[in-house]
Amino acid sequence: ELPGWSTSTVGITDFDRLPDAARGYLRRLEEVLEIPVDMVSTGPDRDENIILRHPFG
Numbered sequence: 016e017l018p019g020w021s022t023s024t025v026g027i028t029d030f031d032r033l034p035d036a037a038r039g040y041l042r043r044l045e046e047v048l049e050i051p052v053d054m055v056s057t058g059p060d061r062d063e064n065i066i067l068r069h070p071f072g
C-alpha cells in the first residue's frame with residue numbers, strides 16, 4: 016500500500032515540485048509495470064504536464 020497526498024498537483028510542471036508521495040507513486044508504477052513513465056498530466060490544459068523523458072526521442 017502506498018501513502019496518499021492531500022496537496023493539489025494541478026498545474027505542476029516540475030517533477031521535483033510534486034509531493035513526496037506522488038513522486039513515490041510514479042516510481043512504484045515504473046517498478047511494477049517495468050516500463051518508464053514518460054509524461055504525467057497534472058491538469059486539463061495542454062501545458063499542464065510533467066515531461067520525465069521525452070516520449071518521441
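The sequence shown begins at 16 in the numbering used here and counts up one residue at a time.
Glycine included, C-beta positions come from ideal geometry on N, C-alpha and C.
By the 16-neighbour rule on beta-carbons within 10 angstroms, L33 is buried. The C-alpha of F30 lies about 6 angstroms from the C-alpha of I65. The alpha-carbon separation between I50 and T57 amounts to approximately 20 angstroms.
Distance between P18 and G72, taken at the CA atoms: about 33 angstroms. Our two residues, S23 and P59, have alpha carbons roughly 14 angstroms apart in a direct line.
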